[in-house]
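J.:
2 protein chains.
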Amino acid sequence: MSTKATFYHAGCTVCVDAEKQFAESLDRSKYNVEIVHLGETPNRIAEAEKAGVKSVPAFVIGGLPYHINFGANLSDLK
Amino acid sequence: MSTKATFYHAGCTVCVDAEKQFAESLDRSKYNVEIVHLGETPNRIAEAEKAGVKSVPAFVIGGLPYHINFGANLSDLK
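Protein sequences appear in the order of chains A and B.
The first sequence begins at 153 in my numbering and counts up by one.
The second sequence begins at 153 in my numbering and counts up by one.
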C-alpha cells in the first residue's frame, strides 16, 4: 500500500526545482504524491501549518514535515 | 539514463528518517542513489562541502545541494 506524500510549494524557483528532483522522482509504488500550490490554494495553508510546515518547498509524509532547502516562509504566503 | 544522487548523512535520527523517506524511496529508474555516512567516511566531507552541503541530511543531485530538515552541521563532523 502506498503512503500519502504531500508536496507543498509556492511556484518559486527553489520550489519548482525541488518538485522536479523529488516530488516527480519518488517511487510511485511507495508514495501517492499530491502536489499543492499554496499560492493558488491558500485555503490549504492551515493544514500544512498544522503538520509543522514552516516554509516551502516541503513534504508532509506520515504527518511529519520535511523541508527541502528554502524558498519562502509559510507566513509570507498569507 | 539515471542521474547520480548522493545522500550524505551522519547517522543521526533526522538523517535515518530522511534516508528512509527519501533516499530509499526515489525512483531507481531515474536516480542512481549512493548513501554516504560522513561519520564513517570523513574523507568524503570535502566533496560534500564543495557541492554546497552545509548540513546533513542532504542530497547532491546534478552537482546541487538539497538539504532536508536539519540534523547536524557539516562543520561539526570534522
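Even glycine gets a Cβ: it sits at the ideal position worked out from N, Cα and C.
Kindly say whether His219/B, judged by its beta-carbon, lies nearer than 8 Å to any beta-carbon of chain A.
T.: yes
J.: Counting only the same chain and skipping the five closest in sequence on each side, list residues whose C-beta sits under 6 Å from that of Ala170/A.
T.: Taken in chain order, the residues that qualify are Pro209, Ile220.
J.: Output, in sequence order along the chain, the residues in the segment 178-194 of chain A whose CB is closer than 8 Å to any CB in chain B.
T.: Leu178, Asp179, Arg180, Lys182, Tyr183
J.: Based on DSSP bridge pairs, tell me the residues matched to Phe222/A.
T.: For Phe222/A, which the question treats as bridged, DSSP gives no partner whatsoever.
J.: Using 8 Å as the cut-off, can you tell me whether the segment 174-191 of chain A makes contact with the segment 210-230 of chain A, which would need three or more C-beta pairs spanning the two stretches below that distance?
T.: The segment 174-191 of chain A, when compared against the segment 210-230 of chain A, does touch it at the 8 Å Cβ threshold.
J.: Strictly under 8 Å for the Cβ-Cβ distance: is Phe159/A near chain B by that measure?
T.: Output row for Phe159/A: interface = no.
J.: Leaving aside the five residues before and after Val185/A along the sequence, list all residues of the same chain whose C-beta is less than 7 Å from its C-beta, in chain order.
T.: Taking Val185/A as the centre and dropping the five residues before and after it, the same chain places the C-beta of Ala157, Phe159, Ala175, Leu178 closer than 7 Å to its C-beta, in chain order.
J.: Hey, does Ala170/A have any beta-carbon neighbour from chain B nearer than 8 Å?
T.: yes
J.: Grab me the residues of Val166/A's own chain with a C-beta within less than 6 Å of its C-beta, minus the 5 sequence neighbours each way, in chain order.
T.: Asn221, Gly223
J.: State yes or no: is the C-beta of His189/B within less than 8 Å of the C-beta of Gly163/B?
T.: yes
J.: Please give me, in chain order, every unbroken run of the beta strand (DSSP E) with length at least 3 that falls completely inside the segment 171-207 of chain A.
T.: 183-189
J.: Using the Cβ count rule (16 or more neighbours within 10 Å means buried), how would you classify Ser154/B?
T.: exposed
J.: Comparing C-alpha positions only, which one of Ala198/B, Ile187/B, Pro194/B sits nearest to Phe211/B?
T.: Ile187/B
J.: Could you tell me the boundaries of the beta strand (DSSP E) in which Lys156/B lies?
T.: 155-161
J.: Considering only the beta carbon of each residue, do Lys225/B and Ser207/B sit closer than 8 Å?
T.: Inspection of the sequence shows that residue 225/B is occupied by Asn rather than by Lys. Yes, Cβ-Cβ distance for Asn225/B and Ser207/B is below 8 Å.
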